[in-house]
Structures are given as C-alpha cells and as structure tokens.
Amino acid sequence: MAIERTLSIIKPNAVAKDAIGAILGRFEAAGLKIVAARMLHMSREQASAFYAIHQGKPFFDELVDFMISGPVMVQVLEGEDAVAKNREIMGATNPAQAAPGTIRADFADSFTENAVHGSDSPENAAVEIAFFFPEGVCPRTR
Ligand code: GDP
Ligand code: MG
1 MAIERTLSII KPNAVAKDAI GAILGRFEAA GLKIVAARML HMSREQASAF
51 YAIHQGKPFF DELVDFMISG PVMVQVLEGE DAVAKNREIM GATNPAQAAP
101 GTIRADFADS FTENAVHGSD SPENAAVEIA FFFPEGVCPR TR
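Numbering (UniProt numbering), first residue to last: 1 to 142.
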C-alpha cells in the first residue's frame, strides 16, 4: 500500500460543537498524520468552487450556505491508503447510514451537516490539497 495524502475538512457544525480536537484525535489514532492545517471562513465563491462538481444538484445551495455558515478546519492527512482510510473512519455520507463509531455517526447533525469532508480519490485529493494549500505542504521529518 502506498503512502498517500488526502484533504479533510471539519465542517462548520462540528467546529461549532467544539469537536475539532476529538476529530483530529481520531485521525491520529487511525495512523493518519496531520501534515498541514488551517482554519478559515470560506467565501461563497470559494465554497462554490470547491464543490463545483455538485453544481446543479438539489442539495448544492443548502450545502454552500452551510459551508459558509461558520469557520472550517482544513487539514492534509498523510498515511498508508490515506484516502480510503479517512473515508472509512468518516462513515457514510448520509449519517443515518454511517456505521457506529464513525465520525459522522458521532458528530453529524443531518445529511447536509455531516461533520467532515474527505477526498474521494488520490487524484481529487491532489486538486483539493492545492485548492487550500497552494504554497505546498512540507513533509513530516519525524
Ligand atoms: P461526501 O464525499 O461523502 O462528502 O459526499 P458527496 O461528495 O456526495 O457530497 C458532498 C456533500 O454534500 C456531502 O458531504 C453532504 O454534506 C452533501 N450531500 C450529498 N448528498 C446529499 C443529499 O442527498 N442530501 C443532502 N441534504 N446533502 C447531501
Ligand atoms: Mg465527495
């Protein structure tokens, strides 16, 4: 298995309930190292561009409104099979279907407000990482 990087976002509902530490702890406990992080409050333009693939879908406007409703915590996670591993510990997109013990099962408030984002492929991870960290990500040396 290859060492990969993936882009993770702790969404506004999880930031609002002070779950940043708990969620970052789950990444570290799963062997995913935090190699970059920043907190920001996205503009409507930024959120629409980040979710451009979903433009035109019925949930798009609600998703963008939610993502700009408060600050988000964005991080790059690195580890073996990081994209799939992160998706696994996040749980299903619809929190009603998320397995017990997953981040979404524990911190989601609704289908839209489902606590976290995670890249769905290594290719998309590279694009999403460059979106939030255009200056690049420095490697972990220890
Ligand atoms: P993800 O990769 O698991 O985050 O899911 P998607 O890429 O398919 O969708 C992006 C985000 O849009 C999800 O995390 C949800 O916040 C929201 N979303 C996706 N599908 C639906 C839906 O059917 N209904 C609602 N209300 N929100 C959705
Ligand atoms: Mg997705």
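Glycine included, C-beta positions come from ideal geometry on N, C-alpha and C. This one's a predicted model, so the numbers in the text were calculated from it and none came from an experiment.
| query | result |
| --- | --- |
| Classification of H54 by the beta-carbon crowding that lies within 10 angstroms, buried from 16 upward | exposed |
| heavy atom of the ligand MG below 6 Å from D81 C-beta | no |
| Cross-strand partners of T6 (DSSP beta bridge) | L77 |
| Close beta carbons around I129, own chain, < 7 Å, minus the five adjacent residues each side | R5, L7, V76 and V137 |
| Proximal residues to P71 (C-beta, below 8 Å), its chain only, five neighbours per side dropped | P12, V15, M39, L40 and H41 |
| Rounded straight-line distance, which links the Cα of Q97 to that of E62 | 20 Å |
| Bridge partners - M90, DSSP secondary structure assignment | Looking at the DSSP assignment, M90 forms no beta bridge with any residue, so it has no partner. |
| Close-in-space but distant-in-sequence residues of the same chain around S121 (CB under 7 Å, 5 per side omitted) | V83 |
| Secondary structure of V137, DSSP reduced to three states | coil |
| Backbone CA spacing between A115 and I10 [nearest angstrom] | 6 Å |
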